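Below is one structure, written out as structure tokens; the observations come after it.
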Amino acid sequence: MTMRTDVRYGFIYKPLLFLICLVPVAWVLAGIGNALAITHLPVPGLGADPVRRMLGIFGHSALNLLLITLCVSPLRQLTGNAQLLRLRRMLGVFACCYALLHFLAYVGPFQGFDAHAIAADIYKRPYITLGFTALLMLLALAITSTNGWMRRLGRRWQQLHRLVYVIIVLGVWHYWWQVKKDIREPLLYASVTALLLGWRWWRRRARRARSATSNYALPTAPERT
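Counting in our numbering, the sequence shown runs from -18 upward without gaps.
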């Protein structure tokens, strides 16, 4: 049974998830190719402002994958399927890659690698600092996601990777601040984030309560004479 599960996750689920995670970047590349008349693929175009559209696709992909990553543990607890944890690392690494692409699209095509323009934009829009801080944290988690780093860091590895909770909050905050009027979508992201973090808080509190109950020994009644 274990062998069949290993085969399914190693040769079916992981490759399928890998291909699904590539869809946003493939969409952007196809859109660029169509705009330059290099390709003629049947994909939605990038619109009148392709650079801003590209920023949106990469940013949304990073946030979506982070939220899906946070969904893995609740799904594992609800379904009892511990094999789902095998997919979490790939989701996290792809989230980091899309966050990095979002940043590179900003400093490159959007700002033209103009350091003065970037500095002025950061001063004018503090949400960029939030996003960059989240990106640095996410890079640290992606770099240390390997089995080798897990062995080197030991218990500290789990403590370090709890930064993902801070990262998702900063990412949603970054998105919320840049939206000027219609906050419905950032509000949806914030609500899902609050739900997922609330679930973890509730589970941790329940575990502590059970632990305290199991460690509490009721005094035995004195024997009657």
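Built from N, CA and C at the ideal position, the CB exists for glycine as well. Since the model is a prediction, treat every value here as computed from it, not as a measurement.
By Cβ distance below 6 Å, which residues in the same chain neighbour Ala98 in space, the five residues on each side in sequence not counted?
Looking up residue 98 in the sequence shown gives position 117. Taken in chain order, the residues that qualify are Gln92.
To the nearest angstrom, report how far apart Arg181 and Tyr170 are at their CA atoms.
Stepping through the sequence shown from its first residue, residue 181 is reached at position 200. Stepping through the sequence shown from its first residue, residue 170 is reached at position 189. Taking the straight line joining both Cα atoms gives about 17 Å.
Taking 8 Å as the cut-off, decide whether the C-beta atoms of Met35 and Ala115 are in contact.
Counting from 1 along the sequence shown, the entry for residue 35 is found at position 54. Counting from 1 along the sequence shown, the entry for residue 115 is found at position 134. Going by C-beta atoms, Met35 is not nearer than 8 Å to Ala115.
Note the first and the last residue of the continuous alpha helix (DSSP H) segment covering Asn263.
In the structure displayed, the chain extends from -18 to 206; residue 263 sits before or after that span and is not available.
So, using beta-carbon positions, are Phe39 and Tyr(-6) closer together than 8 Å?
One-based indexing of the sequence shown puts residue 39 at position 58. One-based indexing of the sequence shown puts residue -6 at position 13. No, the Cβ-Cβ distance between Phe39 and Tyr(-6) is not below 8 Å.
Would a C-beta distance cut-off of 8 Å place Pro55 and Leu151 closer than the cut-off?
Residue 55 sits at position 74 when you count from the first residue of the sequence shown. Residue 151 sits at position 170 when you count from the first residue of the sequence shown. No, Cβ-Cβ distance for Pro55 and Leu151 is not below 8 Å.
Could you tell me the alpha carbon to alpha carbon distance between Arg69 and Thr125, rounded to whole angstroms?
Indexing the sequence shown from 1 puts residue 69 at position 88. Indexing the sequence shown from 1 puts residue 125 at position 144. Computed Cα separation, rounded: 14 Å.
Is the CB-CB distance between Val74 and Ala123 below 8 Å?
Looking up residue 74 in the sequence shown gives position 93. Looking up residue 123 in the sequence shown gives position 142. In this structure, Ala123 lies closer than 8 Å to Val74 by Cβ.
Backbone CA spacing between Arg205 and Arg188 [nearest angstrom]:
If you number the sequence shown from 1, residue 205 lands on position 224. If you number the sequence shown from 1, residue 188 lands on position 207. Model confidence at Arg205 stands at a pLDDT of 44, short of 50, so the residue's coordinates are unreliable; what they give is reported in the following sentence. Near 38 Å, if we compare the C-alpha coordinates of Arg188 and Arg205.
Restricting to Cα atoms, I'd like to know which of Ala175, Val153, Lys105 is closest to Gly112.
By one-based count along the sequence shown, residue 112 stands at place 131. Out of Ala175, Val153, Lys105, Val153 has the C-alpha closest to the C-alpha of Gly112.
Skipping 5 residues on each side, what residues in its chain have a beta carbon closer than 8 Å to that of Leu144?
One-based indexing of the sequence shown puts residue 144 at position 163. If we look at Leu144 and ignore the five residues flanking it on each side, its Cβ neighbours are Met118, Ala121, Leu122.
How would you call Pro5, buried or exposed, if buried means at least 16 neighbouring beta carbons within 10 angstroms?
For the purposes of this step, residue 5 is taken as residue 24 along the sequence shown, with counting starting at 1. Classification for Pro5: buried.
Between Ile149 and Gly135, what straight-line distance do the alpha-carbon atoms span, to the nearest angstrom?
Indexing the sequence shown from 1 puts residue 149 at position 168. Indexing the sequence shown from 1 puts residue 135 at position 154. Their Cα atoms are separated by approximately 24 Å.
Could you pull out every residue in the same chain whose Cβ sits closer than 7 Å to the Cβ of Val173, ignoring the five residues on either side in sequence?
On the sequence shown, position 192 is the one that residue 173 refers to. Around Val173: Leu48.
Alpha-carbon to alpha-carbon, Pro(-4) and Leu199
Start at 1 with the first residue of the sequence shown, and residue 199 comes out as number 218. Start at 1 with the first residue of the sequence shown, and residue -4 comes out as number 15. With a pLDDT of 47 at Leu199, under the threshold of 50, the modelled position of this residue cannot be trusted; read the value that follows with caution. The straight-line gap from Cα to Cα measures roughly 53 Å.
By how many angstroms is the C-alpha of Thr(-14) removed from the C-alpha of Phe94?
Taking the sequence shown and counting its residues from 1, one reaches residue 94 at position 113. Taking the sequence shown and counting its residues from 1, one reaches residue -14 at position 5. Spanning the two alpha carbons is a distance of roughly 47 Å.
In whole angstroms, what separates the C-alpha of Val160 from that of Thr194?
One-based indexing of the sequence shown puts residue 160 at position 179. One-based indexing of the sequence shown puts residue 194 at position 213. Their backbone Cα atoms lie some 47 Å apart in a straight line.
Candidates Leu51, His41, Ala43, Leu27: which alpha carbon is nearest Tyr146's?
Counting from one through the sequence shown, the residue named residue 146 turns up at place 165. Measuring from the Cα of Tyr146, the nearest candidate turns out to be Leu51.
Decide if Ala11 is buried, meaning its Cβ has at least 16 other Cβ atoms within 10 Å, or exposed.
Indexing the sequence shown from 1 puts residue 11 at position 30. Looking at its Cβ environment, which holds 16 or more other Cβ atoms inside 10 Å, Ala11 is buried.
Whole-angstrom C-beta distance between Leu46 and Leu72, which should lie under 8 Å:
In the sequence shown, the residue the question calls residue 72 occupies position 91. In the sequence shown, the residue the question calls residue 46 occupies position 65. Sure, about 5 Å apart at Cβ, within 8 Å.
What number of angstroms, rounded off, separates the C-alpha of Gln139 from the C-alpha of Cys2?
Residue 139 sits at position 158 when you count from the first residue of the sequence shown. Residue 2 sits at position 21 when you count from the first residue of the sequence shown. Computed Cα separation, rounded: 25 Å.
Taking Asp102 as part of the alpha helix (DSSP H), name the residues at either end of that continuous run.
Indexing the sequence shown from 1 puts residue 102 at position 121. Run containing Asp102: 96 to 105, per the alpha helix (DSSP H) assignment.
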